[in-house]
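Asker:
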Amino acid sequence: MSLAWSLLAAATPPALGTPAPAPRQVEITDSIVRLSDVADLSDLRPDLRARAAATPILALRPGATATLTPEQIGAYGRRRMPLLAQWRPGETNKVVVRRAAPTPAVASTPVACVRPRRAVDPDQVLTGEDFADVDCGTVSAPRAAWRYDRAAKALRADRALAITDVLSAPPATMLAAVRPGQNVRVTARIGAVTIERAAEAVQPARAGQPLFVKAGGRIFAVPAVEQDQ
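Going by our numbering, the sequence shown opens with residue 1330, and the numbers climb by one from there.
Quick look at the structure:
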């Protein structure tokens, strides 16, 4: 009996250790994944928390899924909001975020529609000035007309757009304030002295984001884009 017990014990494989924790599951209904969807921001100062919570980090199509590690979440947050340079997310597990596919009833009732103010070329960086809000009218399911360019961190037109097109409104927070080649004013304030000069944007940027511009044969950074009121 003791011999049989010894053989049975020897044939039992050792424990493989504690299994990896299951990823946290998050479902969103909007097209944009925001930092607050995937990270606990309670350790941030109150004045930063609201801005960080609304910071967009990814765009997902209906039914699409993205798996983010804590390192990726931290990198996205710091890249989209430079004030989070020293921030590290408290998450220790991966986060799987999924955009819910709309039901037919939701898909047939668009929230908002727009039309181009002027003709838009394919792949053109889209800005808030490109569109005007319109009544969806008889268009029951207007198509989206944009794609997210990860390298440029901007929305681009996925086809040529005419001023007669009625489209699903793109997310306003993802529209650029400045597109490459656009003329901008650069303002520098040194004490009571304000200096302005004309420059040309060399990259797209949303309001509040840093921007690289070209002037006098030099390329330099502007700390943040401010839109005229």
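Every residue gets a Cβ at the ideal spot worked out from N, C-alpha and C, and that includes glycine.
Spell out the partners DSSP gives I1548 in its beta bridges.
Answerer: Taking the sequence shown and counting its residues from 1, the one referred to as residue 1548 is at position 219. Beta-bridge pairing links I1548 to K1543.
Asker: Flag this pair as touching only if the stretch 1492-1499 and the stretch 1406-1426 have three or more C-beta atom pairs under 8 Å; answer yes or no.
Answerer: The stretch 1492-1499 is not in contact with the stretch 1406-1426.
Asker: Checking 7 Å against the spacing of the C-beta atoms, do A1368 and I1402 come in under that value?
Answerer: Walking along the sequence shown from the start, residue 1368 turns up at place 39. Walking along the sequence shown from the start, residue 1402 turns up at place 73. Against a cut-off of 7 Å, the Cβ pair of I1402 and A1368 comes out as a contact.
Asker: Going by DSSP, what residue range makes up the alpha helix (DSSP H) through Q1401?
Answerer: Against the sequence shown, residue 1401 aligns to sequence position 72. 1399-1409 is the extent of the alpha helix (DSSP H) around Q1401.
Asker: For A1351 and T1394, what's the separation of their Cα atoms in angstroms?
Answerer: If you number the sequence shown from 1, residue 1351 lands on position 22. If you number the sequence shown from 1, residue 1394 lands on position 65. The straight-line gap from Cα to Cα measures roughly 16 Å.
Asker: For W1416, which of V1522, V1449, L1377 has the nearest alpha-carbon?
Answerer: Here residue 1416 refers to the residue found at position 87 of the sequence shown. Ranking V1522, V1449, L1377 by Cα distance to W1416 puts L1377 first.
Asker: Can you give the Cα-Cα distance for A1550 and V1449, rounded to whole angstroms?
Answerer: Mapped onto the sequence shown, residue 1550 falls at position 221. Mapped onto the sequence shown, residue 1449 falls at position 120. So the two alpha carbons sit approximately 28 Å from each other.
Asker: Secondary structure at V1463, three-state DSSP: helix, strand or coil?
Answerer: As a working note, residue 1463 is residue 134 in the sequence shown. If DSSP states are grouped into helix, strand and coil, V1463 belongs with the strands.
Asker: Pairs of beta-carbons, one from the stretch 1453-1465 and one from the stretch 1504-1518, closer than 8 Å: are there three or more?
Answerer: The stretch 1453-1465 is in contact with the stretch 1504-1518.
Asker: Threshold first: 4 residues or longer. Then list the alpha helix (DSSP H) segments lying entirely within the stretch 1470-1552, N to C.
Answerer: List check, alpha helix (DSSP H) in window: nothing returned.
Asker: Kindly identify the DSSP beta-bridge partner or partners of Q1354.
Answerer: Taking the first residue of the sequence shown as position 1, residue 1354 is located at position 25. The partner list for Q1354 (beta bridge, DSSP) reads V1425.
Asker: So, with DSSP's three-state summary, where would you put V1367?
Answerer: To locate residue 1367, count along the sequence shown from 1; it is residue 38. Reduced to three states, the DSSP call for V1367 is helix.
Asker: Count the other C-beta atoms from every protein chain shown that fall within 10 angstroms of the C-beta of V1522, then say buried if there are 16 or more, exposed otherwise.
Answerer: Start at 1 with the first residue of the sequence shown, and residue 1522 comes out as number 193. Classification of V1522: exposed, given that the 10 Å Cβ count is below 16.
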